[in-house]
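Residue numbers (the numbering used here), protein chains in the order written: chain A, 1 to 370; chain B, 371 to 740.
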């Protein structure tokens, strides 16, 4: 593929990222109570004032990452928005009466009252990501310490589920996570399954047979990145040949294009009502995965995969009229939920994808240009 | 509408009910461990062995009701299947270590081990319905007492949430339930909302604005039946004019036909991914509601509604090839989950609808024929 084509991709990523950041700056900031609205209609109108903690944390993280690592976003208004979101989170996300001073709510009212709590650890994960990035840009040592303490708590919760194994450092946690992810490669390396037993075996029935191509692809680029950082070539190959290849072969809809949301590995119909829909985020993860894999292997087939996903994604999800992306299409590719932000769609997957793709294209093109 | 047309409807209901009962008798009985498989593919193949307690209880109830009140189902094999399901439930559904001897699991393994427990009371409701009907056909006094005891426990759980009000008898519980349902009629009687506050006020945001036409219609025929039994004409009118009329006006898809699954009362896009799908059970509830309302009011418009729902339902959900009904269609009416039974679709809504419609048509035609 020509340098010109890669340059066009980069230009498109850059333009789109600017538009997406504009959209969220314009519509999501709650200047009265702080934090971010995330339930935002197709034209920017707020249709619910609830504040989902995952999405608050993700938006702080994303703003800070953009501010810190992309020159054109190194602007006071981005920093101020991130700080406002961080202050809101620190003030309201945790629910001290829950038995642990670190437990976070899942969902808050506009003015910060806890409404719903989940048993999972994801609110806390995104809280850590937000505080860690925010501490990097502000240099706030207290905040950094708070992020580290909550991370320790998360590691402790995970450790409890790990039958007594000791975890001392984040490096070990990383290695342990990689092992956990690799357990999802099942059936002699021919399938990535969404849920496996704690011993790494396939679970019985529908639950065990479920495949989620978006999660497999996301795990794929996590593994590739980890493999690159640690010089682990076998892990790099597993990431590309298994976690990126299998979900494409099983999950790409040959009739209508796009990635299906769920599949049953034995070909039964999944019981999730949304199984055949096309969601924005698996496509974001696919773009990152294939471009990252191409940039390290230079295998043309991986760039072809990227192009194929790119064509579908930009022609179906991106909203030329009002900016940002639609999130939810029918199997046939028609927009069926027309909002831009909702309980699970915030300022995260789209800008993270555009940001990472732009960075990767920069690095490929810089090498070619020098 | 002519008597001939009503007779054709009755004939169709009867034929379809026979086919549906055949399907579940043929494929759902677990002769090894007792109880019923409910995850059944389009052609009868079991794709998961999990046993959902809601669906076990519903199937026992339905078999008993058919056995007890329809002569052609008064057959030993129906009774035996119901008893086998009842024995399985009594042996495995309750989880005594949960803090209450009456708490039931949501989902069991094939051999009866509890896998999942919900915080709601629906497993227990269907357990009561199953035991009560089974006791009626078997004359088993112990079982009847057990049903009554669990019902008392349910009433107690509900009472706890009712700020000290006393409930002495089922009659009072019935009246209280009617009051609860009527609280969902909001906005000056122009909307039926799926969730309201415990004080009967509209909740903020998406949650408060959500409409579920199927639940409104089901509540409609509950209310109509209660109003008829208690000679409450105002309640009868509310049931028909509000709980049956509003969901049709808001929920019927004028472009593609069929009832949408969820809507936002202010016209925003619901956040439920499946909002625009067509599910089998709201159509079952609509058929019961409009036919029941017609049989009592003789308003031709209600029979027209029934006909409209009937035409869509029988042409889209019923599977001429393998029997039983598909459960899940796209907005455009295409089958998108092709199984006949799943975690929430068992031997319940379809046969209950066919059974009730046949009975109602019997009573209309008998009056006309005499």
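Cβ atoms here follow ideal geometry from the backbone N, Cα and C, with glycine treated the same way.
Here the structure is a predicted model, which means the values were calculated and not measured.
Beta-carbon gap between residue i and residue j smaller than 8 Å
i	j	result
residue 487 of chain B	residue 468 of chain B	yes
residue 337 of chain A	residue 262 of chain A	no
residue 543 of chain B	residue 553 of chain B	no
residue 251 of chain A	residue 260 of chain A	yes
residue 95 of chain A	residue 103 of chain A	yes
residue 686 of chain B	residue 703 of chain B	yes
residue 652 of chain B	residue 584 of chain B	yes
residue 27 of chain A	residue 39 of chain A	no
residue 42 of chain A	residue 367 of chain A	no
residue 475 of chain B	residue 430 of chain B	no
residue 243 of chain A	residue 216 of chain A	yes
residue 501 of chain B	residue 456 of chain B	yes
residue 20 of chain A	residue 335 of chain A	no
residue 594 of chain B	residue 606 of chain B	yes
residue 57 of chain A	residue 126 of chain A	yes
residue 672 of chain B	residue 660 of chain B	yes
residue 436 of chain B	residue 735 of chain B	no
residue 572 of chain B	residue 556 of chain B	yes
N-terminal and C-terminal residue of the beta strand (DSSP E) that residue i is part of
i	result
residue 336 of chain A	335 to 337
residue 418 of chain B	416 to 418
residue 485 of chain B	484 to 486
Closest by C-alpha distance to residue i, when choosing among the options
i	options	result
residue 157 of chain A	A:126, A:183, A:121	A:121
residue 610 of chain B	B:578, B:425, B:623, B:676	B:676
residue 212 of chain A	A:145, A:264, A:55	A:264
residue 33 of chain A	A:55, A:50, A:348, A:310	A:50
residue 18 of chain A	A:270, A:71, A:291	A:71
residue 560 of chain B	B:618, B:606, B:569	B:618
residue 599 of chain B	B:616, B:664, B:556, B:541	B:541
residue 645 of chain B	B:378, B:449, B:699	B:699
residue 577 of chain B	B:639, B:549, B:516, B:601	B:639
residue 45 of chain A	A:312, A:23, A:314, A:14	A:23
residue 562 of chain B	B:546, B:504, B:588	B:588
residue 730 of chain B	B:438, B:693, B:664	B:664
Minimum Cβ-Cβ distance from residue i to chain B less than 8 Å
i	result
residue 328 of chain A	yes
residue 317 of chain A	no
residue 343 of chain A	yes
residue 166 of chain A	Interpretation of residue 166 of chain A is limited by its pLDDT of 45, a score under 50 that renders its predicted location unreliable; no figure is taken from the coordinates.
residue 41 of chain A	yes
Cβ of residue i within 8 Å of any chain A Cβ
i	result
residue 717 of chain B	no
residue 644 of chain B	yes
residue 533 of chain B	Low local confidence applies: a pLDDT of 48 at residue 533 of chain B is under 50, so the model's placement there is unreliable, with the coordinate-based value given in what follows. For residue 533 of chain B, the answer is no, since every Cβ of chain A falls outside 8 Å of its Cβ.
Listed by chain order, chain A residues near residue i by CB distance under 7 Å
i	result
residue 708 of chain B	269
residue 647 of chain B	273
Range covered by the alpha helix (DSSP H) that runs through residue i
i	result
residue 289 of chain A	280 to 297
residue 389 of chain B	373 to 397
residue 64 of chain A	53 to 69
residue 595 of chain B	583 to 599
residue 618 of chain B	615 to 621
residue 671 of chain B	670 to 686
residue 182 of chain A	170 to 182
residue 137 of chain A	122 to 138
residue 206 of chain A	205 to 209
residue 630 of chain B	Residue 630 of chain B -> no alpha helix (DSSP H), and no H or E assigned at all.
residue 341 of chain A	Segment: none, residue 341 of chain A is in no alpha helix (DSSP H) and carries neither H nor E.
residue 452 of chain B	446 to 462
residue 643 of chain B	Segment: none, residue 643 of chain B is in no alpha helix (DSSP H) and carries neither H nor E.
Proximal chain B residues relative to residue i, where beta-carbon distance stays under 9 Å
i	result
residue 49 of chain A	574, 575
Contact with chain E by residue i, beta-carbon distance below 8 Å
i	result
residue 307 of chain A	In summary, chain E is missing from the structure at hand, where the protein chains are A and B.
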